[in-house]
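*Asks:* Let me begin by handing over the structure; questions about it come next.
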Amino acid sequence: MEEDIVNMIVFGIVSWTTGFLVIRKIFSKRSFEFSNRIVSTIHATLAVTLAALSVEDWSCPVCPLSSNSSLKQRQVLAITVAYLIYDMICCLFDQKISLDNTIHHLVSIVGLGAGLVYQKCGSEQVAALFITEISSPFLHARELLKELGYRDTDLNLAADITFAVIFSLARMIGGPYLTFVTLTANNPLLIKAMAVGLQLVSAFWFYKIARMVKYKLIKRTKKKRTLGVTVAYLIYDLICCLFDERVGLDNMVHHLVSIIGILACLAYHKGGSELVAALFVSEISSPFLHARELLKEVGYRDTDLNLAADIAFAVIFSLARMVGGPYVTFLTWSANNPMLIKAMAMGLQLVSAFWFYKIVKMVKYKLTKRTNKSLLSTSPHTMKLN
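Each residue of the sequence shown is one higher than the one before, starting from 28 at the first, in the numbering used here.
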């Protein structure tokens, strides 16, 4: 291992420890675990950001496979190795020592350390770092909320479901794929073994999380359950949007407004009926929206089937968002709801109105294009002579 990387790991351990001591001083009335989770949240956010910035080609994030690690990749991994060593030491002073968490830390330290020693497998390890840490801020948010007095509240349920969804997608879809490419590539045996070990721990945690979510949802009413699941999906989709160049600012605003509105409802315990109605109104046209894009992808662009999907989407969207939407917004404003929920309802309706304008233009363009094409095909100049 290079000397500068070793120095970076040592400096990182000291830095994470110092950060913990400062946070512990600030929140002296809170528990040991509370301060440690704040440090862990900072690391997770930093690790995901740096991992994303180190990707050379987003069309293939794990490429090139089994290649020599770049300096940027080694630095990202060194920061995380330093954090994992700090966190494992912290775990020894915590009253709730978890064997599976200790194994996870040891496997991660050995695996990342092997990558730094061999200076190989940088792309795969940075991708693994991204996958394992992207759900961590939501994991720590659930526990921080409990200590702040939000245990068994709707807000805590939303954090639980959000964490469960992102963890499941990352660790049980992205994780097995990454493990497969790591095993099939020409990587050192130790790194392959650590990849399998990490995936086994993830599978065990997935089982525990599924049981936790099932228990939590059984305790909740159907209305709160629906809102919790939806806010989890919106956060997941908002993260996906960050990696899609085609997603516009209006879609990002729509997601943020929806997330804030639902979280406000869960926090205030108000506006549940109106928000469930708004959810129905806003989502009833979504299957047709996605059907149009899926048809284009499978080769039905500019066909009658695609036009039918366009028109079906436009009609249902218009009826739901421009008839039902204003009515739900009016009810939300006239009822005794918190101002934040009212503002979010108005914001959502304004985005819907903007989308309605764009949809009208789209349908007009499609119908005009189809009419012109039809006229051209029946023109005497294009007809064959008998």
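C-beta atoms are modelled at their ideal positions from N, C-alpha and C, and glycine is treated no differently.
1) If you follow the alpha helix (DSSP H) that Ser62 is part of, which residue opens it and which one closes it?
2) Alpha carbon to alpha carbon, what distance is there between Tyr354 and Ser62?
3) Could you tell me if the beta carbon of Ile32 falls within a distance shorter than 6 Å of some heavy atom in the ligand GDP?
4) Look at the alpha carbon of Pro215 and the alpha carbon of Ile116, and state the distance between them as a whole number of angstroms.
5) Got a sec? Which residues, its chain only, sit under 8 Å from Leu412 by beta carbon, not counting five neighbours each side?
6) Do the stretch 220–239 and the stretch 318–331 touch if we need at least three Cβ pairs shorter than 8 Å?
7) Within 10 angstroms of its Cβ, does Cys292 collect 16 or more other Cβ (buried), or is it exposed?
8) Are Glu170 and Val75 closer than 7 Å when you measure CB to CB?
9) Pick from Asn128, Leu175, Lys385, Thr107: whose alpha carbon is nearest that of Asp277?
10) Under a Cβ-count criterion, where at least 16 other Cβ atoms within 10 Å of its own Cβ denotes burial, should Phe165 be classed as buried or exposed?
11) Under 8 Å by Cβ, that's how I've got Glu301 and Thr253 pegged, so tell me the actual separation to the nearest angstrom.
12) Quick one: is Met366 buried, meaning 16 or more other Cβ sit within 10 Å of its Cβ, or exposed?
13) On the premise that Ile368 lies in contact with Ile343, defined as a C-beta separation below 8 Å, what is that separation, rounded to the nearest angstrom?
14) Look at the Cβ atom of Tyr110, then the Cβ atom of His167, and state whether they are nearer than 7 Å.
15) Within a Cβ cutoff of 7 Å, which residues of the same chain sit near Tyr242, ignoring the five residues on either side of it in sequence?
16) If contact is defined by three or more beta carbon pairs under 8 Å, each pair taking one atom from either stretch, is the stretch 177–190 in contact with the stretch 200–207?
17) What do you reckon, are the CB atoms on Leu316 and Ser285 nearer than 7 Å?
18) Could you tell me which whole alpha helix (DSSP H) segments of length 4 or greater appear in the stretch 200–230?
19) May I ask you to list the residues that DSSP assigns as paired with Lys147?
20) Thinking Ala336 and Leu322 are a contact (beta carbons under 8 Å), I'd like their distance in whole angstroms, please.
21) Keeping to the same chain, check which residues put their C-beta closer than 7 Å to that of Pro91; ignore five residues upstream and five downstream.
22) My assumption, with CB atoms under 8 Å, is that Tyr113 sits in contact with Thr44. Please give the rounded CB distance.
23) At what residues does the alpha helix (DSSP H) containing Tyr295 begin and finish?
24) Could you give the residue range of the alpha helix (DSSP H) that holds Leu196?
25) Beta carbon of Asn95, beta carbon of Gln152: below 7 Å?
26) In or out: Phe340 buried (at least 16 other Cβ within 10 Å) or exposed?
27) For Thr180 and Gly255, I'd like the C-alpha separation in whole angstroms.
28) Going by C-alpha distance, which of Ala380, Ser42, Ser97, His132 is nearest Thr356?
29) Can you tell me where the alpha helix (DSSP H) with Val41 in it begins and where it stops?
30) Measuring alpha carbon to alpha carbon, tell me which residue in Gly140, Leu77, Gly142, Lys235 is nearest Ile158.
31) Within the same chain, show all residues whose beta-carbon is closer than 7 Å to that of Val66, passing over the 5 residues directly before and after it, in chain order.
32) Exposed or buried, which one is Val228 when buried takes at least 16 other CB atoms within 10 Å?
33) Assign Asn183 to one of two classes, buried (16 or more other C-beta atoms within 10 Å of its C-beta) or exposed (fewer than that).
34) How about the stretch 264–284 and the stretch 368–377: do they share at least three Cβ pairs that are nearer than 8 Å?
35) Of all the options Leu346, Thr395, Leu290, which has the alpha carbon lying nearest to the alpha carbon of Ala372?
*Replies:* This is what the structure gives:
1) In the sequence shown, residue 62 corresponds to position 35, counting from 1. From DSSP, the alpha helix (DSSP H) with Ser62 extends over 59–81.
2) Walking along the sequence shown from the start, residue 62 turns up at place 35. Walking along the sequence shown from the start, residue 354 turns up at place 327. Going from the Cα of Ser62 to the Cα of Tyr354 covers about 46 Å.
3) This structure simply doesn't include the ligand GDP, nor any ligand for that matter.
4) Counting from 1 along the sequence shown, the entry for residue 215 is found at position 188. Counting from 1 along the sequence shown, the entry for residue 116 is found at position 89. Straight-line spacing of the CA atoms in Pro215 and Ile116 works out to 28 Å.
5) Counting from 1 along the sequence shown, the entry for residue 412 is found at position 385. Only weak support exists for where Leu412 lies, its pLDDT of 37 falling under 50; the coordinates are left without a value.
6) No: fewer than three Cβ pairs fall under 8 Å.
7) For this step, residue 292 is matched to residue 265 along the sequence shown. Taking all protein chains shown into account, Cys292 has 16 or more neighbouring C-beta atoms within 10 Å of its C-beta and is therefore buried.
8) Translated into the one-based positions of the sequence shown, residue 170 becomes position 143. Translated into the one-based positions of the sequence shown, residue 75 becomes position 48. No, they are not a contact pair.
9) Looking up residue 277 in the sequence shown gives position 250. Checking every option, the nearest Cα to that of Asp277 belongs to Lys385.
10) Here residue 165 corresponds to residue number 138 of the sequence shown, with the count starting at 1. Under this definition Phe165 is a buried residue.
11) As a working note, residue 301 is residue 274 in the sequence shown. As a working note, residue 253 is residue 226 in the sequence shown. About 13 Å separates the two Cβ atoms, so there is no contact after all.
12) Position 339 of the sequence shown holds residue 366. With fewer than 16 Cβ atoms within 10 Å of its Cβ, Met366 is classed as exposed.
13) Residue 343 sits at position 316 when you count from the first residue of the sequence shown. Residue 368 sits at position 341 when you count from the first residue of the sequence shown. Actually they are not in contact, since the Cβ atoms of Ile343 and Ile368 sit about 26 Å apart, beyond 8 Å.
14) The residue you call residue 110 lines up with position 83 of the sequence shown. The residue you call residue 167 lines up with position 140 of the sequence shown. In this structure, His167 does not lie closer than 7 Å to Tyr110 by Cβ.
15) Residue mapping note: residue 242 aligns to position 215 of the sequence shown, counting from 1. Result list for Tyr242: empty, nothing under 7 Å.
16) With a cut-off of 8 Å, the stretch 177–190 and the stretch 200–207 do not count as touching, because too few Cβ pairs lie within range.
17) Indexing the sequence shown from 1 puts residue 316 at position 289. Indexing the sequence shown from 1 puts residue 285 at position 258. No; because the gap between Cβ atoms is not below 7 Å, this pair is not in contact.
18) Within the stretch 200–230, the complete alpha helix (DSSP H) runs of at least 4 residues are 202–211.
19) Along the sequence shown, one-based indexing puts residue 147 at 120. Answer by DSSP bridge pairing, in chain order: Asn95.
20) Position 309 of the sequence shown, counted from the first residue, corresponds to residue 336. Position 295 of the sequence shown, counted from the first residue, corresponds to residue 322. So it is a contact: roughly 6 Å between Cβ atoms.
21) By one-based count along the sequence shown, residue 91 stands at place 64. Counting only Cβ-Cβ distances below 7 Å, and skipping sequence neighbours, we find Ser150.
22) As a first step, residue 113 is located in the sequence shown; it is residue number 86 there, counting from the start. As a first step, residue 44 is located in the sequence shown; it is residue number 17 there, counting from the start. Rounded, the Cβ-Cβ distance is 6 Å, consistent with contact.
23) Position 268 of the sequence shown holds residue 295. 276–295 is the span of the alpha helix (DSSP H), which, as asked, contains Tyr295.
24) Working through the sequence shown from its first residue, we reach residue 196 at position 169. Taken as a continuous stretch (DSSP letters only), the alpha helix (DSSP H) holding Leu196 covers 181–196.
25) In the sequence shown, residue 95 corresponds to position 68, counting from 1. In the sequence shown, residue 152 corresponds to position 125, counting from 1. No; because the gap between Cβ atoms is not below 7 Å, this pair is not in contact.
26) Counted from its first residue, the sequence shown places residue 340 at position 313. So Phe340 ends up on the buried side.
27) Here residue 180 refers to the residue found at position 153 when the sequence shown is read from its first residue. Here residue 255 refers to the residue found at position 228 when the sequence shown is read from its first residue. Cα-Cα distance, rounded: 11 Å.
28) Locating residue 356 in the sequence shown gives position 329, where the first residue counts as 1. For the set Ala380, Ser42, Ser97, His132, the Cα lying nearest the Cα of Thr356 is the one of Ala380.
29) If you number the sequence shown from 1, residue 41 lands on position 14. Here the alpha helix (DSSP H) through Val41 covers 30–53.
30) Translated into the one-based positions of the sequence shown, residue 158 becomes position 131. If we check each option's Cα against that of Ile158, Leu77 comes out closest.
31) Here residue 66 corresponds to residue number 39 of the sequence shown, with the count starting at 1. Within the same chain, Val66 has close Cβ partners Trp43, Gly46, Phe47, Ile50.
32) For the purposes of this step, residue 228 is taken as the residue at position 201 of the sequence shown. Buried: at least 16 other Cβ atoms inside 10 Å.
33) Looking up residue 183 in the sequence shown gives position 156. Asn183 should be labelled buried.
34) Contact between the stretch 264–284 and the stretch 368–377 is present, because at least three Cβ pairs lie under 8 Å.
35) The residue you call residue 372 lines up with position 345 of the sequence shown. The residue with the shortest Cα to Cα distance from Ala372 is Leu290.
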